[in-house]
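See below for the structure under consideration.
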Amino acid sequence: MILGCERELSVTSIAEEGHAVLAGFVGEPLASLIFRDLAATLPKLTDRNTLKEYLEEGLRVWLPK
Amino acid sequence: MATEMITGRPRAESHTLRAEEERLRAHLEQQLRVRTRFAPLSDVRALLVSSDRGDRPKSLVVSSQASVAERIYLYVHVAAHIALGHNLPLVTIVERAPGVTRFTDASRHREAEELARAIWWGQTDKGGLLGAPSFAQRHPVLRRLLASEAARGAIRSVLIGMRHVYYDLRVERALAGSRLAAWLRDALCLTAVVCVAPQLSD
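Those sequence lines, one after another, are chains L and G. Under the numbering used here, the first residue of the first sequence is numbered 1, with each subsequent residue one higher. Under the numbering used here, the first residue of the second sequence is numbered 1001, with each subsequent residue one higher.
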């Protein structure tokens, strides 16, 4: 959940907020690495279902158990 | 990262091909710690998602629309990426739909393709047991024939015809353990994979 989405925040702001939220859970170094992969991979995925699979699989594999 | 594959299911999706796909998938999991699952992906063939630590399993999501032969090719290709160290921690390797390559991916993709070809033909041990069936792999005539697009189609038709004859004659029990049957199974498997991934040929 990203706070403030209903106020039509820019994508940059959402990414920054998402980064900050994730850093709170897993720490800044891991959050930075995850967002670096997202930035490189998201533009390659144009299909909504594929994007969902990638994000779900990423969360499952990336986040500490 | 693009994977050049000819779409459409090959006619030779036999039990042998499925058994080979299962063997390679098990090899990926046991030797390279790659867990495979299938999902309805539309614009990519596969995603290799790596953990932040090398000792944790990687996850390979393969399009459920990929044929068995395409899956075999993808496993060999992914093994090549891993052997080349492309699966950095937290980096996702995207195997895109045929014909779509990004400039930034092109060199890594080319490297993986060259190594995948060497793995497939048993010219390197980097893929472990991921190469083509050894009996057919050592057959130089078949390899030369598969290098030509026209000959590829012809050899596949001939092999499928031979398989029909084999079953029509009802000799499968008598010949089940023979070298002829083994060669026919392996040649069909190898041909089906090279037909959907011709870049594996010379």
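The beta-carbon is built from N, C-alpha and C at its ideal position, and this holds for glycine as well.
Backbone secondary structure at residue i - three-state DSSP
i	result
residue 1046(G)	strand
residue 40(L)	helix
residue 1096(G)	strand
residue 13(L)	helix
residue 50(L)	helix
residue 1036(G)	strand
residue 1060(G)	strand
Proximity test, Cβ basis, 7 Å: residue i and chain G
i	result
residue 56(L)	no
residue 27(L)	no
residue 61(L)	yes
residue 44(L)	yes
Length of the line joining the Cα atoms of residue i and residue j
i	j	result
residue 52(L)	residue 1188(G)	36 Å
residue 37(L)	residue 1016(G)	38 Å
residue 1181(G)	residue 1024(G)	21 Å
residue 1176(G)	residue 1090(G)	47 Å
residue 3(L)	residue 55(L)	Confidence at residue 3(L) is low in this model, with a pLDDT of 49, below 50, so the placement of that residue is unreliable and no value is reported for it.
Cβ of residue i within 7 Å of any chain L Cβ
i	result
residue 1039(G)	yes
residue 1043(G)	yes
residue 1193(G)	no
residue 1016(G)	no
residue 1091(G)	yes
residue 1047(G)	yes
residue 1061(G)	yes
residue 1051(G)	yes
Presumed contact (8 Å Cβ cut-off) between residue i and residue j, rounded CB distance
i	j	result
residue 1121(G)	residue 1076(G)	Between residue 1076(G) and residue 1121(G) the Cβ distance is about 10 Å, and since that is not below 8 Å, they are no contact.
residue 1111(G)	residue 1045(G)	Actually they do not touch by this definition, with Cβ atoms about 18 Å apart.
residue 1192(G)	residue 1069(G)	4 Å
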